[in-house]
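Below you'll find the structure, written out as structure tokens, and then a few comments.
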Amino acid sequence: MNTSPDLLIVGAGPSGIITAERAASLLGLTSVLIDRRNHIGGNCYDTAFANGQLIHRYGPHYFRTDNDAIVAYLSKFTGWLPARYVVRALYNNELYPLPVNLTTLEKFYRTAHTPESAEALLASEREDIADPRNSEEVVLSRVGRKLYEAFYVGYTLKQWNKHPRELDASVCGRVAVRFNRNDAYVDHKHQVMPRDGYTRMFEKMLDNKNIELRLQTSYREINEAVTPRVATIYTGPIDEYFHYRMGKLPWRSLKFEFRVSPREWVQPCVQINYPWDYDYTRTVEIKHVTQEKRRDSVVSFEYPTDQGEPYYPVPAGENHRLYQNYLALAQEETKNKRVFFLGRLAQYTYLDMDDSMERAMALIPAIRNLL
Ligand SMILES: Cc1cc2nc3c(=O)[nH]c(=O)nc-3n(C[C@H](O)[C@H](O)[C@H](O)COP(=O)(O)OP(=O)(O)OC[C@H]3O[C@@H](n4cnc5c(N)ncnc54)[C@H](O)[C@@H]3O)c2cc1C
């Protein structure tokens, strides 16, 4: 191993990989890129299941962005499949489109509507909360109590083991409502899937003589042995970096169960949410977006838990304060030791893939300034 690369990059998820690739291609810098897992890609890792089908090992990853530059950049390493992300929620044995649209409203209220009458209906259901302070208030102010109780309370309780009242407004803050029949999960300009999967795309990014990859290697193991000449980019958990000296930041985790079905299709769309039924929150049949032609199909079941890999930061007041304390330490570390904290684990924030990638790219000028 190169013990004096320009950069030591901790974590081979999107944040670490894009930093390594951009630093190599734009600045000609060498990196040692490590990950304690036995694969690259972080939580975007996809791999063949026992039956040979491509699965998303850490939950479905729907690539969606409004950022043309990110798509242009990634297109150097992958082709794309157009993707349609469609989500339904099971309530009282019926499936309803999510986010709430005209069809959801008609089915739920059992009356036909025009866009105008649906808008009037929802206006009469909404609660008048000018400045929502938590997730319950956000949803009540957007869709009213009946839809809140049908689709949001149960799901949130299962997902977070907390009542929506205990969670920041941001958790349910993106409650979209449509007065048309568009049933796409998101509105982004680009909704695509890497043609051969995320892992293959990342492998191509790392196919660069300036990047040395070390898997099954943790920061603690090599921290003393490797002295980067320019900077360290750390994308692991921020509290772990500081040996939890101020306490542990809480994370919500998931247990994934994958089941192969002999049927070609198991469910009508890629994702079904279960606000009230079962212990799992959602089932995902990823074939709907990876578009593999096969006669069997793998479905994943997600069980939320407090144990296991850190997946979602828990957005509640005291956790923000704890993170702010770590952030102050991190800023000192950047100033004194040139350690940059990047990505969802180091910045204790939920980031979609495109956000993580944007942040990694935005770090390159700061690295350049050190040269
Ligand atoms: C269940 C789930 C579903 C998601 N779905 C979507 C989606 O549909 N669309 C979307 O845009 N985004 C989605 N995301 C978000 C996406 O996963 C993140 O944006 C992205 O993975 C962030 O990249 P990252 O490199 O910052 O972190 P990660 O992908 O978590 O990578 C961090 C890497 O660092 C390694 N690491 C940590 N600490 C150390 C250490 N001390 N030493 C060595 N290695 C270390 C870890 O092993 C990991 O591989 C989802 C996230 C989750 C959890």
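Residues in the sequence shown are numbered consecutively from 3, following the numbering used here. Note that CB positions come from ideal geometry on N, CA and C, so glycine has one too.
Pick helix, strand or coil for Lys295, following the three-state DSSP scheme. coil
Option in Leu35, Ile19, Asp356 with minimal Cα separation from Ile224: Leu35
Contained alpha helix (DSSP H) runs [length at least 4] in the region 44-91, N- to C-terminal order: 70-76
Helix, strand or coil at Met195 according to DSSP, with G and I counted as helix: Strand at Met195.
Over the uninterrupted beta strand (DSSP E) stretch that includes Val173, give me the two end residues. Segment: none, Val173 is in no beta strand (DSSP E) and carries neither H nor E.
Whether or not the region 294-304 and the region 52-62 are in contact is what I'm after, with contact meaning three or more pairs of Cβ atoms, one per stretch, closer than 8 Å; do they touch? Yes, since at least three Cβ pairs between the region 52-62 and the region 294-304 fall closer than 8 Å, the two stretches touch.
Closer than 7 Å to a non-hydrogen atom of ligand 1 - does that hold for the CB of Val242? Here residue 242 is Glu; the residue named in the question, Val, does not match the sequence. Checking every heavy atom of ligand 1 against the Cβ of Glu242, one is found closer than 7 Å.
Residues that DSSP places opposite Asn1 in a beta bridge: Because residue 1 is not part of the residues shown, which for the chain are 3 to 373, the question remains open.
Our contact map puts Gln269 next to Thr285 with C-beta atoms below 8 Å; I'd like the distance itself, whole angstroms only. 6 Å
Hey, how far is the Cα of Val88 from the Cα of Arg180? In this model, Val88 and Arg180 are separated by some 14 Å (Cα to Cα).
Which of the three DSSP states is assigned to Asn210 in this structure? coil
Given Tyr64, which residues of its chain have a CB within under 6 Å of its CB, disregarding the five upstream and five downstream residues? Tyr87
So who's on the other strand from Pro254, going by DSSP bridges? Checking the displayed sequence, the identity of residue 254 turns out to be Arg instead of Pro. BP columns for Arg254 point to Tyr314.
Closest by C-alpha distance to Tyr236, when choosing among Leu353, Phe342, Asn163, Asn4: Out of Leu353, Phe342, Asn163, Asn4, Phe342 has the C-alpha closest to the C-alpha of Tyr236.
Rounding to the nearest angstrom, what Cα-Cα distance links Ile20 and Pro367 in this structure? 14 Å
Which whole-angstrom value is the C-beta distance of Glu127 and Gly146, which I expect to be below 8 Å? 3 Å
Considering Cα atoms alone, identify which of Trp267, Leu251, Tyr328, Ala364 is closest to Glu311. Leu251
Within 10 angstroms of its Cβ, does Ala125 collect 16 or more other Cβ (buried), or is it exposed? exposed
For Gln376, three-class secondary structure by DSSP: Beyond the ends of the chain as shown, which are 3 and 373, falls residue 376; an answer cannot be given.
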